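Novice: Dropping a structure here in structure tokens format, bear with me for questions.
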């Protein structure tokens, strides 16, 4: 009977060692590769996120620069138009009635054409 008990204990010990070996094998063949794959996917996702954020920042900067250029161009056109009007007003003031008559004569054909259409 004692031999059977000893054999049974040895068998249990062997089975426990086999369980530990299989756990280590599973860790080596399944868990570690899965962790490596998860890490790789995380790194790829982080890289894509960074790329998207940087592309959006670059696009925003491009839009900001275009907006600034357009604003400067509009301001320059506005200043030129204001200067043209100021000079025109100064000329009309200098020439008085003759300038007003010239303005009316210049505009009259346009008004007549607009009435006909």
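In full-length UniProt numbering, the protein residues as written are 1 to 117.
For every residue, glycine included, the Cβ atom is placed at its ideal position computed from N, Cα and C.
Just so it is clear, the structure is predicted and the values come from calculations on it, not from any experiment.
Could you give the residue range of the alpha helix (DSSP H) that holds residue 31?
Specialist: First-last for residue 31: undefined, no H or E at that position.
Novice: Note down the Cα distance separating residue 3 from residue 10, rounded to an integer number of angstroms.
Specialist: 10 Å
Novice: Compute the Euclidean distance between the alpha carbons of residue 105 and residue 112, then round it to the nearest angstrom.
Specialist: 11 Å
Novice: Specify, as a first and last residue, the run of the alpha helix (DSSP H) that residue 107 falls within.
Specialist: 97-116
Novice: Excluding the 5 residues flanking residue 115 on each side, which residues of the same chain have their C-beta closer than 7 Å to its C-beta?
Specialist: none
Novice: Which residue spans inside the region 4-91 form an unbroken beta strand (DSSP E) run of at least 3?
Specialist: none
Novice: Can the beta-carbon of residue 91 be found less than 8 Å from the beta-carbon of residue 99?
Specialist: yes
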